[in-house]
Amino acid sequence: MLSVHQKRRISQVIGENRPVVIISHINPDGDSIGSSLAFAMYLKKHELDVTVIIPNEVPEFLNWLPGYELVKIYSKSKGACIDMVANAGTIFLVDFNDPDRLGGLKDYLEKSDAFKMLIDHHQRPVEFTDTTISEPWRGSVGEMIYLLIKDMGDQQLIDKNIATCLYVAIITDTGNFRYGSSYSEIFSIAGDLVEKGIDKDMIFSLVYDSYSVERMKLLGYCMSEKLVVLQKYHTAYIYISKEELNKYNHQVGDTEGFVNVPFSIKGVKVTALMIEKSDHVKLSLRSKGPFSVDRFAAEYFSGGGHINAAGGQSDISLQETTKRFEELIARHADEIV
Ligand code: 5GP
Ligand code: MN
156 MLSVHQKRRI
166 SQVIGENRPV
176 VIISHINPDG
186 DSIGSSLAFA
196 MYLKKHELDV
206 TVIIPNEVPE
216 FLNWLPGYEL
226 VKIYSKSKGA
236 CIDMVANAGT
246 IFLVDFNDPD
256 RLGGLKDYLE
266 KSDAFKMLID
276 HHQRPVEFTD
286 TTISEPWRGS
296 VGEMIYLLIK
306 DMGDQQLIDK
316 NIATCLYVAI
326 ITDTGNFRYG
336 SSYSEIFSIA
346 GDLVEKGIDK
356 DMIFSLVYDS
366 YSVERMKLLG
376 YCMSEKLVVL
386 QKYHTAYIYI
396 SKEELNKYNH
406 QVGDTEGFVN
416 VPFSIKGVKV
426 TALMIEKSDH
436 VKLSLRSKGP
446 FSVDRFAAEY
456 FSGGGHINAA
466 GGQSDISLQE
476 TTKRFEELIA
486 RHADEIV
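Going by our numbering, the sequence shown wraps up at 492, each residue one higher than the last.
1. With DSSP as the reference, label S295 as helix, strand or coil.
2. Could you check whether the segment 399-413 touches the segment 362-375, counting it as contact only if at least three pairs of C-beta atoms, one from each stretch, sit closer than 8 Å?
3. Using alpha carbons as the reference points, say which of K351, A465 and K478 lies closest to D250.
4. Using three-state DSSP, classify Y263 as helix, strand or coil.
5. Taking 8 Å as the threshold, find out whether the segment 333-353 comes into contact with the segment 206-221 through three or more Cβ pairs.
6. Give the range of the alpha helix (DSSP H) segment to which L473 is assigned.
7. Does DSSP put A464 in a helix, in a strand, or in coil?
8. For the segment 172-189 and the segment 290-298, state whether three or more C-beta atom pairs, one from each stretch, are separated by less than 8 Å.
9. Excluding the five sequence neighbours on either side, which residues of its own chain have a C-beta within less than 6 Å of the C-beta of Y392, listed in chain order?
10. Measure the Cβ-Cβ separation of N211 and I181 and say whether it is below 7 Å.
11. Mark H160 as exposed unless 16 or more other C-beta atoms lie within 10 angstroms of its C-beta, in which case mark it buried.
12. Per DSSP, what kind of secondary structure is Y394 in: helix, strand or coil?
13. Looking only at C-alpha atoms, which of G234, S232 and V168 sits nearest to V205?
14. Which value, in whole angstroms, describes the spacing of the CA atoms of H201 and L321?
15. Taking only three categories from DSSP, how would you classify I309?
16. Can you find the residues in the same chain that come closer than 6 Å, C-beta to C-beta, to V448, ignoring five residues on each side of it along the sequence?
17. Between which two residues does the alpha helix (DSSP H) harbouring I177 extend?
18. Classify E431: buried if its beta carbon has 16 or more other beta carbons within 10 angstroms, exposed otherwise.
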């Protein structure tokens, strides 16, 4: 996975003993937190001073992960995070392809003299680092961190804690080995992680069975009242207003996974979740088969991601966004098969 040059660079980072910062994207998910923490704990085994910076709040279903004490949240401790970015010798950017996904941190990253390395699996990474490891065919960055550690000859340093974080990264980004995991290597990696002693059932429970009653009711409400199925276009979408989120006492991470639920409907190939935020609408897009939601998000919603999972945003109202989405889907109907 690593080029000779990248391997040498990481050896140098390990040898030089300067502070390391690992940064991942806004609205963190299991892969961004899991792979960042696994990598941080690995580097700590080499006695490095490592911090993980996340632009905004981490959902509760992820804050139990081993090593979580290494996380600093930029929106809560701006000054400290800005100093760490300025003083870092190396900054690893993990699980995103565009510095715009860092929110306000982007400016400080640009100002920093640190050596910057991107480790990512999204399509078409923007060139904003000194070196890039981009493997868009991988289901998760978790796998890439596992392979990086192995390439460095340090597989024996993967302990139960690191393995737990890597496993969370892999299961959350592949929907438990459903998406982006059609190659055997991912199962041998998962097998190795199980051999490291992880408690896979407990992990599953902590990630998927720890939501609030309100979240379950919000899901029920969305499915009964806010789901639109465009049978003709094999498409289904859900749209939720701020008011509705408030009514169900919405907490960060509560709508995680909603976008996948309409795939249970026979014939549905494309799904979308539109959530009204204070100054924009956040879109999550998913597809089954060849229709690229990455391209669709990039072309119409200033976003991107993977062929079958992407996100973006819209600056018009929620109602107008649903209308525009329907028009765009109609325009692309012949690609949705
Ligand atoms: P989600 O819908 O879960 O927020 O994101 C799906 C995938 O698309 C994730 O891999 C995420 O990193 C990526 N993604 C989400 N929103 C954006 C965006 O606004 N821009 C880009 N480039 N990628 C996004
Ligand atoms: Mn990812």
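Using N, Cα and C, we set each Cβ at its ideal position, and we do this for glycine too.
To lay it out plainly:
1. Of the three classes helix, strand and coil, the one that applies to S295 here is coil, per DSSP.
2. Flag = yes, the segment 399-413 and the segment 362-375 touch.
3. The candidate whose alpha carbon is nearest that of D250 is A465.
4. Helix.
5. No contact exists between the segment 333-353 and the segment 206-221.
6. Where L473 is concerned, the enclosing alpha helix (DSSP H) stretches over L473 to R486.
7. In this structure, DSSP gives A464 an extended state, which the three-state scheme calls strand.
8. Under the 8 Å Cβ criterion, the segment 172-189 counts as touching the segment 290-298, having at least three qualifying pairs.
9. The beta carbon of Y392 is closer than 6 Å to those of V383 and A427 in its chain, skipping five residues each way along the sequence.
10. Yes, Cβ-Cβ distance for N211 and I181 is below 7 Å.
11. Residue environment analysis places H160 among the exposed positions, since fewer than 16 neighbouring C-beta atoms fall within 10 angstroms of its C-beta.
12. Note: Y394 maps to strand in three-state DSSP.
13. For the residues G234, S232 and V168, the minimum Cα distance to V205 belongs to V168.
14. Whole-angstrom Cα-Cα distance: 18 Å.
15. The question names Ile, but residue 309 is Asp in the sequence shown. Of the three classes helix, strand and coil, the one that applies to D309 here is coil, per DSSP.
16. The answer, listed in chain order, is L440, S442 and A465.
17. From DSSP, I177 is part of no alpha helix (DSSP H) but of the beta strand (DSSP E) over V175 to S179.
18. So E431 ends up on the buried side.
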